Amino acid sequence: MSDKVKEYSNGEITVVWKAELCQHSKKCFTGLSSVFDPKARPWINISGADSETIAAQVDQCPSGALSWYKNKT
Ligand code: SF4
Numbered sequence: 094m095s096d097k098v099k100e101y102s103n104g105e106i107t108v109v110w111k112a113e114l115c116q117h118s119k120k121c122f123t124g125l126s127s128v129f130d131p132k133a134r135p136w137i138n139i140s141g142a143d144s145e146t147i148a149a150q151v152d153q154c155p156s157g158a159l160s161w162y163k164n165k166t
């Protein structure tokens, strides 16, 4: 895994961010600013919303930089 790929898990789902693919469309942080904040480090606060809300926003990413998967239980 490249160091430009980051994973953020809340135990239920994991959000994957591939920096190289990001087109800085701002869609994620205008849509769900409680989770996505480019000024924060880490810039994704996986505790900022419930899993369903986060997954729905991740699915809106136009570049494929954001993706998510369900954690194994
Ligand atoms: S929605 Fe996707 S492409 Fe746009 S800023 Fe967020 S991660 Fe980058």
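Each number in this note's numbering corresponds to the 1-based position in the sequence shown with 93 added.
Backbone N, C-alpha and C fix where the C-beta goes; we use that ideal spot for every residue, glycine too.
Note that the structure is predicted; figures quoted are calculated from it, not measured.
### Query
Using the C-alpha atoms, what's the distance from residue 145 back to residue 135?
Position 42 of the sequence shown, counted from the first residue, corresponds to residue 135. Position 52 of the sequence shown, counted from the first residue, corresponds to residue 145. If I take the Cα positions, the gap works out to 20 Å.
### Message
Pop quiz: residue 151 and residue 141 are said to be a contact at Cβ under 8 Å. What is the actual Cβ separation, rounded to whole angstroms?
### Response
Along the sequence shown, one-based indexing puts residue 151 at 58. Along the sequence shown, one-based indexing puts residue 141 at 48. That belief does not hold up - the Cβ atoms of residue 151 and residue 141 are roughly 13 Å apart, past 8 Å.
#### Entry: Classification of residue 98 by the beta-carbon crowding that lies within 10 angstroms, buried from 16 upward
Counting from one through the sequence shown, the residue named residue 98 turns up at place 5. Result: exposed.
### Query
Under a three-way DSSP split, which group does residue 147 fall into?
By 1-based counting over the sequence shown, the position of residue 147 is 54. Helix, per DSSP.
### Pairwise C-alpha distance: residue 101 and residue 107
For the purposes of this step, residue 107 is identified with residue 14 of the sequence shown, where counting begins at 1. For the purposes of this step, residue 101 is identified with residue 8 of the sequence shown, where counting begins at 1. Taking the straight line from one Cα to the other gives about 5 Å.
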